[in-house]
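Accompanying notes for the structure given below.
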Amino acid sequence: MSSSSQLLVFTDLDGSLLDHHSYDWSPAGDWLTRLRLAGVPVVIDTSKTAAEVGRLVVELGLEGQPFVVENGAAIHLPPDWRNEGESGVVELGGGASMIRAALVRLRERHGFRFEGFGDVDAAKIAQWTGLALEDAERASRRDGSEPLRWLDDEGRLDAFAAALAEHGLVLTRGGRFHHVMAAGVDKGRALVWLVERYRQRFGGRPASLALGDGANDLPMLAAADRGVLIRTQGAPLKARFDRPERVYLTRESGPEGWREGMDHWLGQGWLGQDWMV
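Under the numbering used here, the residue at position 273 of the sequence shown is numbered 297, and the numbers go up by one with no gaps.
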């Protein structure tokens, strides 16, 4: 890990670095190689679980980098990012069992209709996501959040969110599912935490570039110095940013859009022509 890079790249997975259906990431491969050779950490910041991401970091060549799981509920730190005596996992949110218990109570009390990962087996999750059964089982190992399919009237979502707030929980929407997690937990908070940890461990505040496609990615894009909002294949995501000139909207979707965003900011020398030295 070289502190000379002075850049951190944060990325969502599904619909961003990974194709939403095939999970292919090959269009982004050249940039991943360039970043790795330049010593630039690429930090996965995803709604996926640690069990899922642990396999993907090897496939993507991101071993030894921190990663964020379950929409910011936990940060996993490699040894050189840890302070003395610190665990490799920093939890920023509540536990999944507490969240599931609250959801059961709300369903019984208000009659909300939804199906969470905790309500079904791995075979059903595989059907919902297109994952292989083994990967769906990894997706079911939640530590700090609960994905769910909303089966009720869309007009009841606000009431559902208000009921969750009474339990200290919030609702956000990802590429496929709604996600329930502890209040104050989001991908942007995790980004800010890791930028500060980088400064403490390696010196100097790094620039941050974040890429994502879903509503749950918006806090991450807003917190970064530069952002890439990747086009979705369905209805376009409506988003407002305090600094819209710092967020690039892609024409392509998935890993092609990821590559387009990297070309826009780094291919045009945002950090200067010597950023990869």
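Ideal Cβ positions, reconstructed from N, Cα and C, are used throughout, including at glycine.
Between which two residues does the beta strand (DSSP E) harbouring residue i extend?
| i | result |
| --- | --- |
| F174 | A small correction: the amino acid at residue 174 is Trp; Phe does not occupy that position in the sequence shown. First-last of the beta strand (DSSP E) with W174: 169-174. |
| D182 | First-last for D182: 181-189, but that is the alpha helix (DSSP H), not the beta strand (DSSP E). |
| H45 | Element bounds for H45: n/a, residue is neither H nor E. |
| A263 | Neither: A263 is in no beta strand (DSSP E) and is coded neither H nor E. |
| A98 | 98-100 |
Among the candidates the options, whose CA atom is the shortest distance from the CA of residue i?
| i | options | result |
| --- | --- | --- |
| S40 | Y222, I99, S71, G109 | S71 |
| D210 | I99, R162, A147 | I99 |
| R229 | V216, T256, N240, A239 | V216 |
| M122 | N95, L188, V81 | L188 |
| G142 | T196, E132, P171 | P171 |
| Y222 | R173, V64, L37, E161 | V64 |
| L130 | A52, A183, G291, G112 | A183 |
| L32 | A248, L127, A126 | A248 |
| A120 | L245, A163, L218, N107 | A163 |
| G135 | E269, E280, E83, W174 | W174 |
| R60 | L261, L84, E76 | L84 |
| R180 | R137, E87, E220 | R137 |
| E161 | S169, T196, V144 | V144 |
| L195 | E132, E110, V77, N95 | N95 |
| G88 | D104, R79, E76 | D104 |
| I254 | G236, A125, F34, E132 | G236 |
| S169 | F265, A206, P90, V113 | A206 |
| V113 | A126, G140, A97 | A97 |
| L290 | R264, L261, G251, T256 | G251 |
| P90 | P268, L42, L101 | L101 |
| W9 | E276, Y272, E280, G281 | Nothing can be reported for residue 9, as the shown portion of the chain is limited to 25 through 301. |
| E108 | R225, E280, F265, L157 | R225 |
Along the alpha helix (DSSP H) that carries residue i, what are the first and last residues, could you check?
| i | result |
| --- | --- |
| A160 | 157-163 |
| F226 | 211-226 |
| E115 | Where E115 is concerned, there is no enclosing alpha helix (DSSP H), although the beta strand (DSSP E) it sits in stretches over 113-115. |
| S277 | Element bounds for S277: not the alpha helix (DSSP H) but the beta strand (DSSP E), 271-277. |
| A150 | 146-153 |
| R60 | 53-61 |
Using the DSSP secondary-structure output, state which residues sit across from residue i in a beta bridge.
| i | result |
| --- | --- |
| G140 | L172 |
| H203 | P171, T196 |
| V81 | Answer is none; V81 lacks a bridge partner. |
| I68 | T35, F91 |
| I123 | Per DSSP, none; premise fails for I123. |
For residue i and residue j, which I take to be in contact (beta-carbon distance under 8 Å), what is that distance rounded to the nearest angstrom?
| i | j | result |
| --- | --- | --- |
| G278 | H44 | 6 Å |
| A214 | L116 | 7 Å |
| R283 | A52 | 5 Å |
| R197 | T73 | No, R197 and T73 are not in contact; Cβ-Cβ is about 18 Å, not under 8 Å. |
| D36 | G238 | 7 Å |
Open item on the list: List, from N- to C-terminal side, the alpha helix (DSSP H) runs of 4 residues or more that fit wholly inside the region 229-256.
Closed with: Residue ranges of uninterrupted alpha helix (DSSP H) with 4 or more members, entirely inside the region 229-256 and ordered along the chain, are 242-247.
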